[in-house]
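Working notes, beginning with the structure itself.
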DNA sequence: GTAATTCGGTTGTTTTTACAACAGAAAGAG
DNA sequence: CTCTTTCTGTTGTAAAAACAACCGAATTAC
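Chains as they are written, first to last, in my numbering: chain A, 1 to 219; chain B, 220 to 438.
Below you can see the structure in the form of structure tokens.
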């Protein structure tokens, strides 16, 4: 687990802490490490969470499948990102979505109660971590609202423009890659894949953008 | 401002604190009180927030209008609820939405830095309030994900069922009222009002539900 | 009380999307 | 290398939503 400390140092959760301090906290927070093969579930809808987790290898999707097989991708989790933090509060209820590995992935689990309860031992960074937790979840909140903004658009084209513009802005470049293939992007925006594919090509023909695989350029 | 202390005592932000403690904190947090007439803006998109606010009277909508006048209602804020907390972190950027009073409303403003910085004076409840803040934003996060769930549904009927079912569950009753009129509900679910109205009536004819104004019963 | 405005429902038309089926290209397995 | 599977784009059709226009009822303003 030690080898992931440089990654943890980069996370929002441990922002401001040194490697030695993180190392000390790993024990204090009862960190556990699990690995998942591509396609495996990390969590399933309806489960009770008692951990905050950090992805240290791979890629995850937070998603939901309905009775008819329609998939909706809520969010992606990249290396260094956290998930499960919205269920840390007592009385949060059960998980609303599935969390699934879209690549071979490794996840660190931290005991929620250990984070929220100031421990008696030497590690005095709990209050800092709680504030980090608050900042991190704030950012997620803002991103969820942005996603709502994409999905609120009435047409597929507008949804695409809304999403791709944000991504360009976020990556500070008119050329950027997205973490989705076509089907996943359609599931993320809640539209039909073939219709979306069609719309993308029309937008290219209209001179709005170019693309190759998951690399896009806005014009 | 004192008269709102019983309301503040009921909020998630001050959960666990007594009236005297809240009273003390009002000064410590530099609370300010503002009132808004129906239709007035509390905040506008693009503003910088440096306050966490609590609604103590009235009703607010967090919403966004696009260039063509399409309105999208992100969320409602009821008495005792908080808003702006997602922008408390440094580097949060500017507000993505408008916040508007849909009734005559009164709002209390609290200085964010005062909340996050432990003050030197006697009031020792800051860490508790930060944790409360974290729990509150967690819940908002889960509700946003639920809203994404409604909006991810492909048809207007499914969106309605998804939203109304959740509302029934939340209010623990098959009969419940919603905080929207028809236009607002349409803006909330991002669909056309007349089409939605039509669909609601079809659903009633199909025996799925009954309604009168903003009072619904699921069958 | 009357006028004006808002609100909810209805209908017909146009536009958009979903759905289904297929084909070529690319990627992966053996 | 060859076979299989996945991925992306394409097309036509059916279904659904958006849009516009209108009406009566309810609410609000004066």
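Glycine included, C-beta positions come from ideal geometry on N, C-alpha and C.
Sequence-distant residues of its chain with Cβ nearer than 8 Å to residue 165/A (five each side left out): Correct list, in chain order: 218.
Proximity of residue 303/B and residue 334/B at Cβ, strictly below 9 Å: Contact: no.
heavy atom of the ligand ADP below 8 Å from residue 255/B C-beta: You won't find the ligand ADP in this model; it holds no ligand whatsoever.
List, in order along the chain, the chain B residues whose C-beta lies closer than 8 Å to that of residue 151/A? Neighbours of residue 151/A in chain B, taken as residues whose beta carbon is under 8 Å from its own, are 367, 370, 371 and 409 in chain order.
Determine whether the Cβ of residue 316/B lies closer than 9 Å to any Cβ atom of chain A. Closer than 9 Å to some Cβ of chain A, the Cβ of residue 316/B qualifies, so yes.
Does the segment 157–164 of chain A touch the segment 190–199 of chain A, meaning 3 or more C-beta pairs lie closer than 8 Å? Counting C-beta pairs closer than 8 Å gives three or more between the segment 190–199 of chain A and the segment 157–164 of chain A, which meets the contact rule.
Mind checking if residue 122/A is an interface residue toward chain B, Cβ cutoff 9 Å exclusive? Residue confidence for residue 122/A is low, a pLDDT of 45 falling below 50, so the modelled location carries little weight; the figure read from the coordinates is stated next. No, its Cβ sits nowhere closer than 9 Å to a Cβ of chain B.
Could you have a look at residue 14/A and say whether DSSP puts it in helix, strand or coil? Reduced to three states, the DSSP call for residue 14/A is coil.
Throw me the rounded Cβ distance for the residue 257/B and residue 320/B pair, which I believe falls under 8 Å. About 6 Å separates the two Cβ atoms, so the contact holds.
Would a C-beta distance cut-off of 9 Å place residue 196/A and residue 129/A closer than the cut-off? Against a cut-off of 9 Å, the Cβ pair of residue 129/A and residue 196/A comes out as no contact.
Sheet register partners of residue 52/A (DSSP bridge): Under DSSP, the beta-bridge partners assigned to residue 52/A are 110/A.
Give a yes or no on whether 9 Å exceeds the smallest Cβ distance from residue 333/B to chain A. So no, residue 333/B is outside the interface.
Would a check of beta-carbon distances place residue 306/B closer than 9 Å to chain A? In terms of beta-carbon proximity, residue 306/B lines the interface with chain A, with at least one pair separated by less than 9 Å.
When you compare the CB of residue 198/A with every CB in chain B, is at least one pair closer than 9 Å? Chain B, which has no Cβ nearer than 9 Å to the Cβ of residue 198/A, makes this no.
Tell me which residues share the same chain as residue 77/A and place their Cβ nearer than 6 Å to its Cβ, disregarding the 5 neighbours each side in the sequence. Taken in chain order, the residues that qualify are 55, 60 and 83.
Return yes when the Cβ of residue 260/B is within less than 9 Å of the Cβ of residue 318/B, no when it is not. Residue 260/B sits close to residue 318/B, with the two beta carbons spaced by under 9 Å.
Mind listing which residues of the segment 348–359 of chain B have their C-beta closer than 8 Å to chain A's C-betas, in chain order? Residues passing the 8 Å Cβ filter: 349, 350, 352, 353, 354, 356, 357, 358 and 359.
Whole alpha helix (DSSP H) runs in the segment 113–163 of chain A with 4 or more residues, listed along the chain? 126–152, all fully within the segment 113–163 of chain A.
Would you say residue 70/A lies against chain B (beta-carbon separation less than 9 Å)? Chain B, which has a Cβ nearer than 9 Å to the Cβ of residue 70/A, makes this yes.
Where the alpha helix (DSSP H) through residue 198/A begins and ends: Residues 193–205.
Say whether chain B places a C-beta atom closer than 9 Å to the C-beta of residue 64/A. Residue 64/A counts as touching chain B.
Among 423/B, 393/B and 432/B, which one has its Cα closest to the Cα of residue 400/B? Nearest in C-alpha terms to residue 400/B, of all of 423/B, 393/B and 432/B, is 432/B.
Hey, does residue 235/B have any beta-carbon neighbour from chain A nearer than 9 Å? Chain A, which has no Cβ nearer than 9 Å to the Cβ of residue 235/B, makes this no.
Boundaries (first-last residue) of the alpha helix (DSSP H) holding residue 406/B: 401–408 is the extent of the alpha helix (DSSP H) around residue 406/B.
Mind checking whether residue 138/A and residue 308/B have CB atoms under 9 Å apart? Yes; because the gap between Cβ atoms is below 9 Å, this pair is in contact.
Given this structure, state the Cα-to-Cα distance separating residue 29/A from residue 314/B, to the nearest angstrom. The alpha-carbon atoms of residue 29/A and residue 314/B are separated by roughly 35 Å.
Locate the alpha helix (DSSP H) running through residue 62/A, then write down its first and last residues. Run containing residue 62/A: none in the alpha helix (DSSP H); it sits in the beta strand (DSSP E), 60–65.
Assigned exposure category for residue 255/B - 16 Cβ within 10 Å defines buried: By the neighbour-count rule (16 or more Cβ atoms within 10 Å), residue 255/B is buried.
Tell me whether the beta-carbon of residue 87/A lies closer than 9 Å to the beta-carbon of residue 361/B. Judged by beta-carbon spacing, residue 361/B lies within the 9 Å limit of residue 87/A, meaning their Cβ atoms are closer than that value.
Cutoff 8 Å; reference residue 9/A; Cβ partners in own chain excluding five residues on either side: For residue 9/A, where only same-chain residues beyond five positions count, the Cβ hits under 8 Å are 17, 18, 19 and 22.
What's the gap between the Cα of residue 154/A and the Cα of residue 210/A? Rounded to whole angstroms, residue 154/A to residue 210/A spans 23 Å at the Cα level.
In this structure, what does DSSP give as the bridge partners for residue 101/A? For residue 101/A, the pairing in a beta bridge is given by DSSP as 60/A.
What are the boundary residues of the alpha helix (DSSP H) that residue 242/B is part of? Element bounds for residue 242/B: 238–247.
Go to residue 437/B, then tell me how far its beta strand (DSSP E) extends in each direction, as first and last residue. Counting along the chain, the unbroken beta strand (DSSP E) around residue 437/B starts and ends at 434–437.
Taking Cβ positions only, does residue 319/B come closer than 9 Å to chain A? Cβ-Cβ to chain A under 9 Å: no for residue 319/B.
Does residue 74/A come within less than 9 Å of chain B when only Cβ atoms are used? At least one chain B Cβ lies under 9 Å of residue 74/A.
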